[in-house]
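Asker: Below is a structure I'd like to ask you about.
Protein chains: 2
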Amino acid sequence: MKKYKGYLIDLDGTVYRGNEVIPEAIPFVKQLAEKNIPYVFVTNNSTKSTREVAEKLNGLGILANHKQVVTSSMATAKYLQDQSVKTCYCIGQSGLKNPIKEYGIQLTDSTDADAVVVGLDKDITYDKLAKACIAIRKGAQFISTNRDHAIPTEDGMGPGNGAFTALIQTSTQQAPVFIGKPDTVIMKEALDVLGLRREDVVMVGDNYQTDIQSGIHAGVDTLFVSTGVTSTEELATFEEQPTYIIENLSEWTFE
Amino acid sequence: MKKYKGYLIDLDGTVYRGNEVIPEAIPFVKQLAEKNIPYVFVTNNSTKSTREVAEKLNGLGILANHKQVVTSSMATAKYLQDQSVKTCYCIGQSGLKNPIKEYGIQLTDSTDADAVVVGLDKDITYDKLAKACIAIRKGAQFISTNRDHAIPTEDGMGPGNGAFTALIQTSTQQAPVFIGKPDTVIMKEALDVLGLRREDVVMVGDNYQTDIQSGIHAGVDTLFVSTGVTSTEELATFEEQPTYIIENLSEWTFE
Chain P
396 MKKYKGYLID
406 LDGTVYRGNE
416 VIPEAIPFVK
426 QLAEKNIPYV
436 FVTNNSTKST
446 REVAEKLNGL
456 GILANHKQVV
466 TSSMATAKYL
476 QDQSVKTCYC
486 IGQSGLKNPI
496 KEYGIQLTDS
506 TDADAVVVGL
516 DKDITYDKLA
526 KACIAIRKGA
536 QFISTNRDHA
546 IPTEDGMGPG
556 NGAFTALIQT
566 STQQAPVFIG
576 KPDTVIMKEA
586 LDVLGLRRED
596 VVMVGDNYQT
606 DIQSGIHAGV
616 DTLFVSTGVT
626 STEELATFEE
636 QPTYIIENLS
646 EWTFE
Chain R
396 MKKYKGYLID
406 LDGTVYRGNE
416 VIPEAIPFVK
426 QLAEKNIPYV
436 FVTNNSTKST
446 REVAEKLNGL
456 GILANHKQVV
466 TSSMATAKYL
476 QDQSVKTCYC
486 IGQSGLKNPI
496 KEYGIQLTDS
506 TDADAVVVGL
516 DKDITYDKLA
526 KACIAIRKGA
536 QFISTNRDHA
546 IPTEDGMGPG
556 NGAFTALIQT
566 STQQAPVFIG
576 KPDTVIMKEA
586 LDVLGLRRED
596 VVMVGDNYQT
606 DIQSGIHAGV
616 DTLFVSTGVT
626 STEELATFEE
636 QPTYIIENLS
646 EWTFE
């Protein structure tokens, strides 16, 4: 087992399930803190701020401050800044719009925006979608927070942000840049926060399609835990396997 | 030039443009009527009833009664009946919902529906889309009126029904049955109305991607007119060509 200088850690299914902590995560994170091994939490959630995520973690007994949280919203805002985007038409909630504003990008209702950002918006309307399509046809960059195709609702699995992104892609025939896992923009951002190179860190997660794939795509080693979405049986069906497979985080040793 | 026993005729770009008649269409249709050659108009429009379409045509000087109009809504309703669908969850406007009811299918808000029908709905909401996804995941048949990916709006090209269908397909990972052109369900229905076989009719239209493709897919000869969407230059780039290519309908002779 390689000794890693830093850890990238998924949240839902790895550290908690909904509002309940996964018990083995508490001593795992505590050891990282005690050994002064840098770690950041990497989440596709685009509705919560990094402070809100850190508060939730602290409430569950997990050591974290807001600088140790990378959300797809924050990674999106940073990406817009890196691309020198000045104005942005954004579909999404305040958890996405606030970071974009904080990174100095002007939100606009104009279809002449430099970029269109698409995040989950349960108050979606035809006009919002049409505006996004028209701006992209006029040449705006097309950016999507993540490709999740379904999310839980009270009655069953409703469409996720990746489904709305597919709508706009089908209509405009333009492919977006995706920010969140399994894509690499969010991983690059998380490595920047750690200040480490990809070969020195490991990505920890429960979801093969997002967490493990994001590590594979970014050239980062991966540690799979079967406490969440992907079962060990399902995992075995994939050609490219994680670097390490464990039942839960109590099995991991740091030496 | 083959002598056809019947004609399938597109509307927008072939007979009219928006609210203006294409002048050459008037004598063309008049000759069909005088020669007692059966014809039906075949449109992907799912918002208007067959009576409304016939009224519009008459107002423009085109001879037509409502039995000579096949809309994607009517073809959808007929398809549901053929599939023995009893209950249907429908996204769409009254132009789609009314024919479905008239064909004896019960519209429901329940996700236990036998079928989900998706047509253009400018009052779309997250909840409507979620309900469609959930019903399809529970096993409902997934039917879409047409795959048009963009439609004109006041400010530019907004998403068409094919884009909303792609959203649901991406989220549920289930492929729909498409009714409208270039798919063949609407063509089968139009042939039934004419009471003729596919080798005895010709499909007349201006749009390569919908009209000409629908003929090709259904094994029906095609007559292209360059009075609408597809230019003669663009037409030349496609591998599979129409049976006949003319500038406008005045060039066509019936002997």
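Protein chains in written order, with our numbering: chain P, 396 to 650; chain R, 396 to 650.
Even glycine gets a Cβ: it sits at the ideal position worked out from N, Cα and C.
From this set, L475(R), I495(R) and E415(R), which residue's C-alpha is nearest K451(R)'s C-alpha?
Answerer: E415(R)
Asker: By Cβ distance, which residues of its chain are closer than 7 Å to Q426(R), with the 5 residues on each side in sequence left out?
Answerer: The residues are F649.
Asker: Can you round the beta-carbon distance between L502(R) and K492(R) to whole angstroms, since I take them to be within the 8 Å contact cut?
Answerer: That belief holds up - the Cβ atoms of L502(R) and K492(R) are roughly 6 Å apart, short of 8 Å.
Asker: Could you check where the beta strand (DSSP E) with L403(R) kicks off and where it finishes?
Answerer: G401 to I404
Asker: Rounded to the nearest angstrom, what separates E549(R) and L589(P) at their Cα positions?
Answerer: 48 Å
Asker: For V448(P), I'd like the list of residues in its chain whose CB is within less than 6 Å of its CB, leaving aside the five on either flank, ordered along the chain.
Answerer: V464
Asker: For the candidate residues Y474(P), Q478(P) and D504(P), whose alpha-carbon lies nearest to that of P494(P)?
Answerer: Y474(P)
Asker: Could you tell me the boundaries of the beta strand (DSSP E) in which I640(P) lies?
Answerer: Y639 to I641
Asker: Taking C-alpha atoms, which residue in N431(P), T565(P), R532(P) and R542(P) lies nearest to G551(R)?
Answerer: Here the closest residue by C-alpha is R532(P).
Asker: For D504(R), decide whether its Cβ has a neighbour in chain P, counting only Cβ atoms nearer than 8 Å.
Answerer: Answer no: the Cβ-Cβ gap between D504(R) and chain P never drops below 8 Å.
Asker: Runs of 4 residues minimum, wholly inside the region 581-644 of chain P: which ones carry the alpha helix (DSSP H) assignment?
Answerer: 608-613 and 627-631
Asker: Quick one: residues in its chain with C-beta nearer than 8 Å to the C-beta of A558(R), no 5 flanking neighbours on either side, listed in chain order?
Answerer: H544 and A545
Asker: Can you list the beta strand (DSSP E) stretches of 3 or more residues lying completely in the region 466-494 of chain P, in chain order?
Answerer: Contiguous beta strand (DSSP E) elements confined to the region 466-494 of chain P occur at 482-486, taking only those with 3 or more residues.
Asker: Can you tell me where the beta strand (DSSP E) holding Q536(R) begins and where it ends?
Answerer: Its beta strand (DSSP E) spans residues Q536 to S539.
Asker: Which residue marks the beginning of the beta strand (DSSP E) containing V437(R), and which one marks its end?
Answerer: Y434 to T438
Asker: Check the Cβ of F559(P) against every Cβ in chain R and list those closer than 8 Å, keeping chain order.
Answerer: L562
Asker: According to DSSP, is E450(P) helix, strand or coil?
Answerer: Residue state, collapsed to three classes: helix.
Asker: Distance, Cα to Cα, F573(P) vs N556(R)?
Answerer: 24 Å
Asker: Assess contact between the region 621-629 of chain R and the region 434-446 of chain R, defined as three or more Cβ pairs (one per stretch) separated by less than 8 Å. Is contact present?
Answerer: no
Asker: By alpha-carbon positions, which one of E497(P), E635(P) and S621(P) ends up nearest to G610(P)?
Answerer: E635(P)
Asker: My output table needs one value for A570(R): the three-state DSSP class, helix, strand or coil.
Answerer: Collapsing the DSSP output to three states places A570(R) in coil.
Asker: Using a Cβ-Cβ cutoff of 7 Å, what residues of the region 525-547 of chain R are near chain P? List them in chain order.
Answerer: A525, C528, I529, R532, H544 and A545
Asker: Find the residues of chain R that neighbour D550(P), judging by a C-beta separation of less than 8 Å, and give them in chain order.
Answerer: T506, A525, K526 and I529
Asker: Going by alpha carbons, who is nearest to A510(R) out of Y603(R), T482(R), I519(R) and Y498(R)?
Answerer: T482(R)
Asker: Determine, for S441(P), whether the minimum Cβ-Cβ distance to residues of chain R falls below 8 Å.
Answerer: no
Asker: Mapping the DSSP letters down to three states, classify D407(R) as helix, strand or coil.
Answerer: strand
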